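S.K.:
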């Protein structure tokens with residue numbers, strides 16, 4: 083800022099307000115967030131990706147079986163158990179297979 087652009091009578095900072103100029107005013111920005119895990123050095127091979135997705139699909143089936151076991155022990159109607167398990171499998175599998183990182 084040039085002396086002409088400065089406020090002639092600046093107000094004192096309010097209680098709890100910082101006296102330092104904002105990062106944008108200083109011309110420097112905060113560093114971007116550093117990812118928790120480093121990025122992979124190379125893209126995943128097709129066979130590895132398929133294997134990871136198949137193992138994760140087995141996990142989806144395991145989750146569905148656990149849901150069915152809990153619902154079956156609570157005397158829930160069989161058609162409700164089937165509906166809940168089917169919807170759960172479809173939704174989780176869709177999320178899994180649409181992922182670009184696997």
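Numbering (the numbering used here), first residue to last: 83 to 184.
Positions of the beta carbon are idealized from the N, C-alpha and C atoms, including for glycine.
A quick note: this is a predicted structure, and the numbers were derived from the prediction, not measured.
1) Is the segment 128-136 close to the segment 167-184, with three or more CB pairs under 8 Å?
2) Do residue 163 and residue 153 have their beta-carbon atoms positioned less than 8 Å apart in this structure?
3) I'd like the list of long-range same chain contacts for residue 151, defined as Cβ closer than 7 Å, with 5 residues on each side in sequence excluded.
4) Among the candidates 131, 141 and 160, whose CA atom is the shortest distance from the CA of residue 172?
5) If you compare alpha carbons, which of 168, 125 and 183 is closest to residue 147?
6) With respect to the alpha helix (DSSP H) encompassing residue 135, which residues constitute its N-terminal and C-terminal limits?
7) Does DSSP put residue 180 in a helix, in a strand, or in coil?
8) Can you list, in chain order, the residues of its chain whose CB lies under 7 Å from that of residue 166, leaving out five sequence neighbours each side?
9) Helix, strand or coil for residue 158 per DSSP?
M.R.: According to the structure data:
1) yes
2) To locate residue 153, count along the chain shown from 1; it is residue 71. To locate residue 163, count along the chain shown from 1; it is residue 81. Yes, they are a contact pair.
3) Working through the chain shown from its first residue, we reach residue 151 at position 69. Correct list: empty, nothing qualifies.
4) Your numbering for residue 172 matches position 90 in the chain shown. Per the Cα distances, 141.
5) Taking the chain shown and counting its residues from 1, the one referred to as residue 147 is at position 65. The shortest C-alpha separation from residue 147 is found at 168.
6) Here residue 135 is taken as the residue at index 53 of the chain shown, counted from 1. Under the DSSP assignment, residue 135 falls in the alpha helix (DSSP H) whose first and last residues are 128-155.
7) Taking the first residue of the chain shown as position 1, residue 180 is located at position 98. Looking at residue 180 - three-state DSSP - the assignment turns out to be coil, as it is neither helix nor strand.
8) The count along the chain shown starts at 1 and reaches residue 166 at position 84. Cβ within range, chain order: 149 and 153.
9) Within the chain shown, numbered from 1, the residue matching residue 158 stands at position 76. Looking at residue 158 - three-state DSSP - the assignment turns out to be coil, as it is neither helix nor strand.
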